[in-house]
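If you're matching positions, the sequence shown starts at 41 in the numbering used here and goes up one per residue.
All remarks here apply to the structure that follows.
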Amino acid sequence: MIYVKKISRKIVSFVLVYFYNKKHSTKIHSLDASLKAKYGFNVLISEKTVVKSNVEIGDYSYVNRSSYIENCTIGKFCSISSGVYISPFEHDYGLITTHPIVSSQLTRKRVEIGNDVLISLNVVILEGVKIGNGAVIGAGAVVTKDVKPYEIVGGVPAKHIKYRFSSEEINCLEDLRWWEWNSTKIKKNLKFLSRDTDIIH
């Protein structure tokens with residue numbers, strides 16, 4: 041009887057996700073992704089990824105398999121790999137007890153991720169962290185503090201490795217805000233977006 045109920049719930053969930061995708065132009069393949077979260081156009085959520093209801097994900101961003109996303113805002117065109125944990129619940133060791141009976145009542149700080157951010161395999165991003173546009177997080181990193189636009193970080197805890205471009209180029213890209221272009225303009229400028237550095241020359 042319990043088995044039948046589980047199968048019935050899965051079937052209902054599958055149907056709900058199917059019609060949600062049709063209506064909202066999304067590609068949600070996980071039954072663990074809340075349909076109360078806010079998904080932009082053409083967002084992809086792969087199998088076995090958990091997305092909580094307090095999440096917002098911008099247009100064309102995707103999250104690969106077996107990730108866990110909660111309490112965050114993710115911009116457009118972000119690439120999030122498998123095994124990524126964003127804003128997992130943390131135990132506050134500064135309190136008398138670390139048990140969730142106390143700490144779960146506290147207000148949690150939201151994670152804010154910009155646009156065109158690459159988050160590699162098995163990354164953990166702790167609550168309250170802000171990640172700038174164009175940043176890259178190396179595989180296996182634990183991000184405990186803010187990451188600047190177009191900064192590359194890695195390690196445990198994550199530390200600065202380098203910037204993707206010069207400060208002049210970063211300022212140019214921040215002003216350009218290509219992720220806000222419409223799809224037609226983006227397609228017309230794919231050659232430009234595929235270029236290496238020296239973008240402003």
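Glycine included, every Cβ here is placed at the ideal spot set by N, Cα and C.
Can the beta-carbon of residue i be found less than 8 Å from the beta-carbon of residue j?
i: ILE210; j: ILE201; result: no
i: GLU214; j: ASN173; result: yes
i: ARG105; j: SER93; result: no
i: SER70; j: LYS88; result: yes
i: LEU84; j: TYR102; result: yes
With which residues is residue i paired in a DSSP beta bridge?
i: TYR102; result: LEU84 and SER119
i: LYS170; result: GLU152
i: GLU208; result: Its beta-bridge partners do not exist; DSSP assigns none.
In three-state terms, what does DSSP make of residue i?
i: VAL187; result: strand
i: HIS69; result: coil
i: HIS200; result: strand
i: ILE136; result: coil
i: ILE226; result: helix
i: VAL176; result: strand
i: LYS62; result: helix
i: LEU56; result: helix
Using the Cα positions of residue i and residue j, report the straight-line distance between them to the nearest angstrom.
i: ALA175; j: VAL151; result: 14 Å
i: PHE129; j: VAL164; result: 11 Å
i: ILE171; j: VAL57; result: 30 Å
i: SER110; j: LYS78; result: A small fix is needed here, since residue 110 is Glu in this sequence, not Ser. About 12 Å.
i: ASP72; j: VAL187; result: 29 Å
i: GLY98; j: LYS225; result: 18 Å
i: ILE68; j: ILE153; result: 20 Å
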